[in-house]
Amino acid sequence: MSAETYSATGVRWDLSDLFRSHDDPAIEDTLAAGRSRAERFAERYRGTIRVPGGPSPEHLLAAIHEMESLQTDLERVGAFASLLYASDTVRPEYRDLRERVEQRLTEIGNLVLFFDLEWLDVPDEAAGALVDHPALGGYRHYLRQARRMRPHTLSEPEERLLNERDNTGPRAFGRLFTELTSTLSFAFRRNGKDEQLTLSEILALSHEPDRAVRRGAHETLYEVLEKQALVLTFVYDTLVQDHLTVDRLRRFPHPMAARHVANEIDAEAVERMLAATERNYGEAQRYFRVKARLLGLPRLALYDQYAPVGIDMPRSTFERAREVVLEAFDAFSPVFSTAARQFFERRWIDAEVRPGKQDGAFCASPSPVLHPYVLCNHTGNMRDVMTLAHELGHGVHGWLARRQSLFNYDTPLTTAETASVFGEFLVFDHLLATERDPRVQLALLSGKIEDAFATVFRQAVLTRFEQAVFARRREGRFTSETVCRLWLDANRPYYGDAVEFTEGYRWGWSYIPHFIHSRFYCYSYVFGELLVLSLYRFYKEQGASFIPKYIGLLEAGGSDAPEALLAPLGVDFHDPTFWQKGFDEIRALVDRAEALAATLTPEAPGTPGSAAASRASRP
Ligand SMILES: [Zn+2]
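Following the numbering used here, the numbering of the sequence shown begins with 3 at its first residue and continues without gaps.
Spelled out as structure tokens, the structure:
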């Protein structure tokens with residue numbers, strides 16, 4: 003079957019719950035109304051929060067309500083502009099709209115900026131009394147968390163200046179990166195046909211059964227990226243220096259500190275987690291050797307990491323992916339499947355692959371009065387089914403948390419990936435339980451293991467790379483060679499001598515959007531995955547009694563600190579042994595795969611892999 007069959011053609015989201023089109027006059031009306039509300043807010047509240055002894059609880063509560071309501075209205079415009087842009091990043095009208103909306107929202111944000119700053123100016127004693135006042139009980143966590151930025155906040159004119167300059171500074175470099183990488187074209191010859199592939203499509207070929215296709219795609223990917231070396235290095239270098247400058251101005255002690263504050267986690271817990279991950283790199287290398295045997299290779303190369311093993315996994319149409327995810331969610335709880343089904347029925351999802359559309363996948367949950375939207379690029383791999391489960395996990399979370407108000411809605415990054423990774427586990431377990439063929443079971447297990455590696459080990463590598471990059475930037479501007487070398491250095495401890503490197507791989511850092519848009523994001527994936535491995539074990543141990551507690555966690559949104567929200571489920575991530583529990587689960591998966599592999603590979607090592615040969619001939 004052709005790629006076309008699996009490409010989810012026609013599965014586009016319907017954004018009309020937000021606005022009708024990019025030129026809908028209601029966009030301008032909403033922005034104008036938002037602006038006058040912000041002006042009235044400023045007239046009423048400026049100078050009334052930063053008062054000796056602090057404001058009255060009632061006065062502060064009224065201001066918070068008004069602010070929340072204003073921001074909820076504005077989220078609709080912001081979400082529409084960015085979703086429309088993601089759906090076609092090259093269409094000039096969409097680019098213009100996004101830029102215009104970004105500017106207008108910044109202006110409005112600047113009008114009300116004083117509110118947060120005045121709250122930070124309230125002396126500690128008065129602020130503490132307000133935080134504990136029953137009238138403000140619904141916003142206790144929000145008020146407390148906002149105060150954590152107190153030592154890092156500048157004066158109001160300085161904050162406004164930074165805000166405005168960011169649009170043509172770091173945000174502009176971010177746009178350049180997105181527009182460049184989403185329009186790159188990868189010329190690739192397959193089955194005697196020349197094709198022009200997008201970044202998503204060429205990356206998806208790393209899961210192909212045919213080794214020559216994988217190697218060719220790997221080489222093509224990095225050849226094309228290397229041609230953009232000047233721009234990609236320049237953009238990254240500029241953004242790293244920008245972060246260092248802003249960190250200095252804001253008095254953050256180290257480049258990860260701002261992320262830790264936002265994540266509501268301390269540096270020690272993160273470092274313990276990363277060190278535990280590095281201690282377990284040997285598990286990864288053990289698996290890579292098992293996989294090499296399964297593929298009939300003396301050693302894996304980087305482009306073999308995601309090669310299918312066991313048996314060719316059936317490719318999945320988008321329809322089938324939808325069924326599988328809904329069945330798995332339903333087996334956990336109808337609350338989940340009911341929430342997820344709406345994404346398909348009410349067209350809250352955009353899954354087709356097309357030029358200009360943003361690469362990768364995400365779920366946007368703009369505000370509790372709206373509903374989440376999912377973007378993915380379905381190419382028919384089993385990996386795409388897991389991506390769908392992942393994004394719908396987020397989607398269910400965003401939907402279940404909708405009873406929270408806006409300021410209690412979002413979770414910090416550390417727990418933002420909980421529902422998504424849990425969703426993937428549900429789908430994995432469902433597939434494994436309903437599958438009888440041991441070769442398909444092995445394929446599923448290896449898929450899950452490789453996915454856990456990509457989420458835990460690889461993200462620790464990415465984090466170590468970022469740390470090295472930020473440390474090195476203090477010495478001066480980067481050359482491409484420097485960044486490439488730091489990238490390889492960060493990767494070596496993970497792969498050891500179990501995986502052979504390639505010439506092109508030094509460019510592996512250059513297309514990763516997290517490095518550009520959200521520095522030090524990646525350790526949250528490690529956190530989320532290890533957390534979910536433990537939660538999932540609790541679910542298996544506790545059965546049905548676990549389900550309402552878990553749903554309660556998702557419904558709570560971001561209404562309290564992760565530690566507090568997770569305590570009722572029995573999680574304590576300050577326990578020094580906590581992280582190792584997640585790795586014990588990973589080891590159990592590798593053991594299971596190794597045992598299954600032993601029963602399936604009667605040939606001596608070196609015999610051309612019969613599995614590989616038969617896979618190559620399958621559709
Ligand atoms: Zn996610």
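By construction, the Cβ of each residue, glycine as well, lies at the ideal position given by its N, Cα and C atoms.
Cut-off 7 Å between Cβ atoms - residues of its own chain near residue i, not counting five sequence neighbours on either side
i      : result
ASP574 : PHE580
THR389 : ALA363, CYS378
PRO57  : THR50, ILE51
VAL215 : ARG192, LEU207
TYR308 : SER208, HIS209, GLU452
PHE175 : VAL237, THR240, LEU241
ARG162 : ASN112, LEU115
LEU17  : PHE82, LEU85, LEU86
Contact test: residue i Cβ vs ligand 1 heavy atom, cutoff 7 Å
i      : result
GLU419 : yes
HIS392 : yes
HIS516 : no
HIS396 : yes
SER422 : yes
Reduced DSSP category for residue i - H, G, I as helix; E, B as strand; rest coil
i      : result
ARG539 : helix
VAL458 : coil
ASP586 : helix
ARG106 : helix
TYR507 : helix
LYS229 : helix
SER9   : coil
LEU156 : coil
GLN360 : coil
ILE553 : helix
VAL376 : strand
ALA558 : coil
LEU299 : coil
CYS486 : helix
PHE254 : coil
ASP196 : strand
ARG261 : helix
ASP98  : helix
VAL114 : helix
ALA28  : helix
ILE313 : coil
VAL534 : helix
VAL501 : strand
ILE51  : coil
ILE267 : coil
VAL292 : helix
ASP126 : helix
PHE430 : helix
ILE204 : helix
ALA593 : As written in the sequence, residue 593 is Asp, which differs from the Ala given in the question. ASP593: helix per DSSP, three-state reduction.
ALA366 : strand
ALA330 : helix
ALA35  : helix
Presumed contact (8 Å Cβ cut-off) between residue i and residue j, rounded CB distance
i      : j      : result
GLY362 : ASN383 : That belief does not hold up - the Cβ atoms of GLY362 and ASN383 are roughly 14 Å apart, past 8 Å.
VAL311 : ALA445 : 6 Å
ASP1   : ALA470 : The first residue shown for the chain is 3 and the last is 621, placing residue 1 beyond what the model contains.
LEU122 : ARG149 : 7 Å
GLU95  : HIS24  : 5 Å
GLY530 : VAL423 : 5 Å
VAL458 : THR279 : 6 Å
GLN360 : SER184 : 6 Å
THR381 : GLY560 : With a Cβ gap of about 33 Å, THR381 and GLY560 do not count as contacting.
LEU428 : PHE334 : 5 Å
THR622 : ASN265 : Since the first and last residues shown for the chain are 3 and 621, residue 622 lies out of range.
Nonlocal neighbours in the same chain, by C-beta distance under 6 Å from residue i, ignoring five residues either side
i      : result
GLU605 : Legend: pLDDT at GLU605 = 45, less than 50; position of this residue unreliable, no value from coordinates given.
CYS365 : PRO374, VAL376, GLU393, HIS396, GLY397
SER367 : PRO374, GLY400
GLU197 : PHE190
SER71  : none
SER619 : Note that SER619 has pLDDT 27, beneath the 50 cutoff, so the model's placement of it is unreliable and the number below is only indicative. Answer for SER619: no residue qualifies.
THR11  : GLU354
Residues near residue i in its chain [Cβ-Cβ closer than 8 Å; skip 5 each side]
i      : result
THR609 : Because the pLDDT at THR609 is just 34, under 50, the model does not fix this residue reliably, and the point stays unresolved.
ALA342 : VAL327, LEU328, PHE331, LEU394, GLY397, VAL398
ASP19  : LEU372, HIS373
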